[in-house]
Amino acid sequence: MDNRGLYIIVTCNMIRLGGMVARRVACANMWPIELACRQVSSLGPLAAAFNTKQNVQFKFQWNQSKTGLFGLPELKDSQGFHELKERCITNAEALVQEVISSNRKRNVAVIFDDLSDELCRVADLAEFIRLAHPDQEFALAAQDACIAVSGLVEQLNTHIGIYTALKQAVEQGDINTESDVDKLVAKLFLQDFQQCGIHLGDKEREDVVVLNDRILRLGQQFSAGCHQPRVVRGDVLPPQIRDMFYVEKNGNIVVSGQHIDSPSDMAREAAYKIYYWRDQQQEEVLSALLEDRFKLAKLCGYQTFGHRAVANSLGQSPENIGNFLSSLASQLPDRVAKDHMAMSNMKRRTNPMCSPLSMWDVPYFSGQARGTWFSLDLEKVCEYFSLGVAMEGLNELFQSLYGVELVVEDTREGELWAQDVFKLSVKDSSKLLGHIYCDFFKRPGKPHQDCHFTIRGGREKSDGTYQDPMVVLMLNLPPPGWRSPTLLSPSTLDNLFHEMGHAMHSMLGRTKYQHVTGTRCSTDFAEVPSTLMEYFASDPRVLARVNRHYKTGEKLPEQTIQKLCATKKIFAGTELQAQLFYSAADQHYHGRLPLPGDITSCLESVQTKFHTLPYIPGTAYQLRFSHLVGYGARYYSYLMARSVASAIWQHSFQADPFSGDAGGKYRRECLEHGGGKASHLLVGDFLGEQMEPGQLAAALIQELDIKNREVEEALACQ
Ligand SMILES: [Zn+2]
25 MDNRGLYIIV TCNMIRLGGM VARRVACANM WPIELACRQV SSLGPLAAAF NTKQNVQFKF
85 QWNQSKTGLF GLPELKDSQG FHELKERCIT NAEALVQEVI SSNRKRNVAV IFDDLSDELC
145 RVADLAEFIR LAHPDQEFAL AAQDACIAVS GLVEQLNTHI GIYTALKQAV EQGDINTESD
205 VDKLVAKLFL QDFQQCGIHL GDKEREDVVV LNDRILRLGQ QFSAGCHQPR VVRGDVLPPQ
265 IRDMFYVEKN GNIVVSGQHI DSPSDMAREA AYKIYYWRDQ QQEEVLSALL EDRFKLAKLC
325 GYQTFGHRAV ANSLGQSPEN IGNFLSSLAS QLPDRVAKDH MAMSNMKRRT NPMCSPLSMW
385 DVPYFSGQAR GTWFSLDLEK VCEYFSLGVA MEGLNELFQS LYGVELVVED TREGELWAQD
445 VFKLSVKDSS KLLGHIYCDF FKRPGKPHQD CHFTIRGGRE KSDGTYQDPM VVLMLNLPPP
505 GWRSPTLLSP STLDNLFHEM GHAMHSMLGR TKYQHVTGTR CSTDFAEVPS TLMEYFASDP
565 RVLARVNRHY KTGEKLPEQT IQKLCATKKI FAGTELQAQL FYSAADQHYH GRLPLPGDIT
625 SCLESVQTKF HTLPYIPGTA YQLRFSHLVG YGARYYSYLM ARSVASAIWQ HSFQADPFSG
685 DAGGKYRREC LEHGGGKASH LLVGDFLGEQ MEPGQLAAAL IQELDIKNRE VEEALACQ
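If you read the sequence shown in the working numbering, its first letter stands for residue 25, the second for the next number, and so on.
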C-alpha cells in the first residue's frame with residue numbers, strides 16, 4: 025500500500041486482537057514439577073511464563089469480567105468491527121468539517137493527526153486481526169472494516185477542501201504558533217497528499233489512479249512469479265545428479281530453489297542455472313512495473329521513482345544512496361577476496377579438480393564454515409537459550425539501559441486472539457509506558473513472518489494525557505512442550521532481539537503526534553533501533569548474562585560464548601557484498617528510465633560493478649527478487665540502518681553494553697522522537713557529526729575489519 029497518502033501512515037504498522045484468556049502460571053500445570061519450580065525460583069516470572077506450556081483449563085481469571093480483543097469491549101464478538109467502523113466514519117467526518125471550517129481553533133496538523141489516529145486505530149487493528157485471528161468470523165469482519173476504512177482513506181486523499189487547508193497552513197503558517205515538530209508533521213501530511221497527485225489536473229489525477237491500480241496488480245503478479253518452481257525435462261541434467269532433485273512421474277524435474285545445502289558442486293550449479301534462468305514473461309511484468317512506477321513519479325513531480333520513495337529518509341536522495349553504495353563497493357573487493365580464497369580452498373579440498381568458486385558455492389561454503397570451524401555443537405548450545413531465559417535477559421538489559429521493566433500482565437477472557445499470546449506491560453518506575461502483545465508461537469494458518477505491528481500509536485491527547493502505545497510482536501517459534509521449553513538458535517535469538525528493538529522504539533517514543541511515533545518514520549531509520557539490538561545479541565558480555573541451561577541452570581563456558589559470537593562473524597564481507605549487490609540493483613531499476621539495455625543486461629552490469637564473482641550468462645537473479653515490489657528503491661535501508669546502528673554501537677555501547685548513561689542518552693535523543701525529527705538530523709545530533717555517505721560506508725568497513733580480526737583471533741585460540 026505504498027501508493028496512497030494517508031494509507032501509508034495508516035498501515036505502516038498493523039495489528040489486532042484476539043480471543044480468549046488470561047493466564048496464571050501454576051507450577052503444577054507445567055512440566056515435571058521439580059523442574060518447573062527450579063525454573064521459577066531461579067529465573068523470575070518472565071522466564072517462568074515464556075518457558076511454560078500453557079494449560080487452557082487454567083487460563084481464565086475468574087474474578088474479572090469478559091472483555092473484547094485488546095481490551096476493547098466492542099470486540100467481544102465479530103460484530104464489534106461494524107460498530108468501530110461506523111464510529112470511525114462519523115468521527116472522521118466531524119474532523120474533516122473542522123479542518124475546512126473558517127473558524128477552526130486548532131492547527132491543521134493537530135486535527136490531521138486526530139483524523140489519522142481515528143483511521144489507524146481501526147485500520148491497523150483490523151488489518152492485524154484479518155491476518156492473525158484463527159476464527160474466520162473475526163477475520164472476515166476485520167477484513168470488511170479494512171475495506172471500508174481504506175475506501176474512506178481514498179476519498180480523503182482526493183478531498184480538495186482538506187488539502188487546500190493543509191497547503192495554506194504549510195505555506196503561510198497556521199493559526200496557532202507552531203514548533204518545528206508541528207511544521208514537519210504538517211509537511212509530511214502534505215507530501216503524502218502530493219504523492220497521490222492531488223495537486224494535479226483532473227486528467228492527470230485519473231492517470232495516477234490508473235497507474236496505482238496497475239502497479240498494485242503488476243506487483244502481485246511479479247511476486248507470485250518470484251517463487252514459482254521451474255520444471256525441466258529430466259535429460260537436461262546429467263544422470264548422476266538427477267536423483268538429487270524432485271522427479272515427477274513423467275520424468276520431469278522440479279527445481280524450487282538453489283539447493284544450497286547440497287555437497288555436490290554439480291547439483292548446486294544445475295539448481296542455480298535452472299532456477300535463475302531467464303523468463304520472458306517475468307521480465308515483461310517487471311519491465312512494465314518499473315515503467316509504471318517511473319511514470320507515476322514523473323506525474324507527481326519527481327525525477328524518478330527512487331526520488332519519490334526516499335523523500336524524508338535517512339538516505340535523503342538516490343544520489344546520496346548511490347554514493348554510499350559506491351563507496352562500499354570500492355572498499356569491499358580486497359576484503360571479500362580473502363573470504364573467497366578461504367571458500368576456494370574448502371572447495372578444492374573436497375575436489376582438487378573443481379571449477380573456480382561461483383555464485384552457487386557461496387551459501388554452501390558459508391554454511392559449512394559456520395558449522396565446522398569452531399566445532400560447536402549448536403544443538404547443545406541452544407539448550408542454554410530458552411525463550412524464557414532470553415526474555416529475562418532482555419528485561420535485564422532494558423532495565424540497565426533505560427530503567428524500564430517488562431512485566432507479564434494477566435489478561436481477561438476475550439482479550440486475546442490465541443491462548444498462547446502473552447501481554448507485557450512496559451513500566452518506567454511505576455509509570456506505564458505501553459503494552460506489547462507477544463504472539464510468538466506457531467499455529468495453523470498464522471502468517472509465516474516475524475514482525476512488529478503497531479495497533480495503537482502513542483500521542484499526546486487534547487486532555488493532556490498520553491495515549492499509550494500498543495503493539496504486537498509476531499514470531500513463529502515452536503511452542504514449549506511438557507518436557508522442554510522453546511529453545512532459540514543463534515539466528516532466532518537475533519530475530520527476537522531485532523523485533524524487541526522495534527517494540528521498544530514504539531514503547532519509548534513520546535511524540536506529540538501518532539503520525540510519527542515509534543516505527544512510523546522512514547524505512548531506513550525504522551530499522552536502526554532493531555538492527556542495533558542485533559549488536560547486543562552478538563556481544564559476548566551480553567550473552568554471558570543471557571544464557572542458562574534450561575535443565576541444570578548452568579551457564580555456558582566463556583570460551584563457548586566467544587566461539588558462538590565469532591561464528592556469527594564468519595565471512596561477514598561476503599554477506600555485506602550480497603546485500604550491496606541487491607541494494608544497487610534495486611536503486612538502478614528505480615532510477616532513470618529507459619534503462620541503458622534490457623533489464624537483464626543491466627543486472628549483469630550492476631553485478632560487474634558491485635560483486636566480485638562473475639555474472640552467470642543466461643541467468644536473471646532479479647526475476648526472483650520479490651523485495652523489488654515491497655521495498656521499491658528502499659532495499660538499501662538494511663545496509664544503511666546497519667551502518668548507522670554500527671556507528672551508534674561503536675559510539676555508545678561498545679565500551680559497556682549495559683551503560684545506563686549511554687542508554688538514557690540514546691532513549692532521549694533517538695528513540696523518543698520517532699519520526700518527529702528528520703532522521704539524518706537526529707542521527708547527526710546524537711553522534712555529534714553529520715553522517716555523510718562516505719562516513720556511513722566507513723562505519724560498515726571498520727566494523728567488518730573488527731569482525732574479521734575477531735574470527736582470526738578466535739581461530740588462533742582453538
Ligand atoms: Zn525490522
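C-beta atoms are modelled at their ideal positions from N, C-alpha and C, and glycine is treated no differently.
With DSSP collapsed to three states, give me the class of residue 439.
coil
### Message
For ligand 1, I want to know if residue 554 counts as a neighbour, meaning its beta carbon is within less than 6 Å of at least one of the ligand's heavy atoms.
### Response
At least one heavy atom of ligand 1 is nearer than 6 Å to the Cβ of residue 554, so yes.
Collapsed DSSP secondary structure at residue 398 in the structure displayed
coil
- Query: Got a sec: does ligand 1 put a non-hydrogen atom nearer than 6 Å to the Cβ of residue 551?
  - Reply: yes
Check: Exposed or buried, residue 265, counting other C-beta atoms within 10 Å across all chains shown (16 or more means buried)?
Finding: buried
| message | I need the DSSP call for residue 170, collapsed to helix, strand or coil. | response | helix
Review point. Taking the DSSP output, what are the residues bridged to residue 463?
Key: 498
If I measure Cβ to Cβ from residue 339 and keep anything under 6 Å in the same chain, skipping five residues before and after, which residues do I get? Apart from sequence neighbours up to five positions away, the residues of its chain that approach residue 339 with a beta-carbon distance below 6 Å are 345, 548, 664, ordered along the chain.
- Task: At 4 residues or longer, and completely inside the segment 595-652: list those alpha helix (DSSP H) runs for me, N to C.
- Result: Taking only runs of at least 4 residues, the alpha helix (DSSP H) segments lying wholly in the segment 595-652 are 596-613, 623-634.
Any idea if residue 199 is buried or exposed, counting beta-carbon neighbours within 10 angstroms, 16 or more meaning buried?
-> exposed
Quiz item: For the beta strand (DSSP E) that residue 449 lies in, which residues bound it at each end?
Solution: 446-452
| query | What are the partner residues of residue 301, as DSSP defines its beta bridges? | reply | 643
Item checked: Where residue 206 falls, given that 16 or more other Cβ within 10 Å makes a residue buried -> buried
Task: Euclidean distance between Cα positions of residue 542 and residue 366 - done: The alpha-carbon separation between residue 542 and residue 366 amounts to approximately 42 Å.
Item to complete: Sort out for me which residues DSSP pairs residue 279 with in a bridge.
Response: 254
Check your understanding: What are the start and end residues of the alpha helix (DSSP H) that includes residue 549?
Key -> Looking at the DSSP string, the run of the alpha helix (DSSP H) that includes residue 549 is 547-561.
message = Classify residue 658: buried if its beta carbon has 16 or more other beta carbons within 10 angstroms, exposed otherwise.
response = buried
Q. What does a CB cutoff of less than 6 Å around residue 731 pick up in its chain, not counting 5 residues either side in sequence?
A. 593, 596
Does residue 171 pass the burial test, meaning 16 or more other C-beta atoms within 10 Å, or should it be called exposed? exposed
* Asked: residue 715 to residue 679, Cα distance in whole Å?
  -> If you draw a straight line from the Cα of residue 715 to the Cα of residue 679, it comes to about 21 Å.
Residue closest to residue 623, alpha-carbon to alpha-carbon, out of 138, 303, 487, 390: Looking at the Cα atoms, 303 is the closest of the given residues.
Checklist line | Rounded straight-line distance, which links the Cα of residue 513 to that of residue 588 | finding: Looking at the two C-alpha atoms, the distance is approximately 11 Å.
| request: Reducing DSSP to helix, strand and coil, say where residue 490 ends up. | output: strand
- Task: Note the first and the last residue of the continuous alpha helix (DSSP H) segment covering residue 589.
- Result: 582-591
Quick one: is residue 472 buried, meaning 16 or more other Cβ sit within 10 Å of its Cβ, or exposed?
Burial state of residue 472 is exposed, judged by a 10 Å Cβ sphere holding fewer than 16 other Cβ atoms.
| Selection from 581, 635, 413 that minimises the alpha carbon distance to residue 602 | 635
**Prompt:** Under the three-state reduction of DSSP, which class applies to residue 576: helix, strand or coil?
**Reply:** In the structure shown, residue 576 sits in coil (DSSP, three-state: anything other than H, G, I, E or B).
With H, G and I counted as helix, E and B as strand and the rest as coil, what does DSSP make of residue 284?
Three-state result, residue 284: coil.
Requested in this report: List the whole-angstrom C-beta distance separating residue 105 from residue 169, where the pair is believed to meet the contact cut-off of C-beta under 8 Å.
Outcome: 4 Å
* In terms of alpha-carbon separation, which member of 274, 736, 306 lies closest to residue 251? -> 306
task: Identify the continuous beta strand (DSSP E) that holds residue 478 and give its terminal residues.
output: 475-480
Classify residue 713 as buried or exposed, calling it buried when 16 or more other Cβ atoms lie within 10 Å of its own Cβ. exposed
Is the beta carbon of residue 284 less than 7 Å from the beta carbon of residue 388?
yes
Whole-angstrom distance between residue 295 and residue 286, CA atom to CA atom = 10 Å
Note to self: Check whether the segment 687-707 and the segment 567-576 are in contact - that is, three or more C-beta pairs closer than 8 Å.
What the structure shows: no
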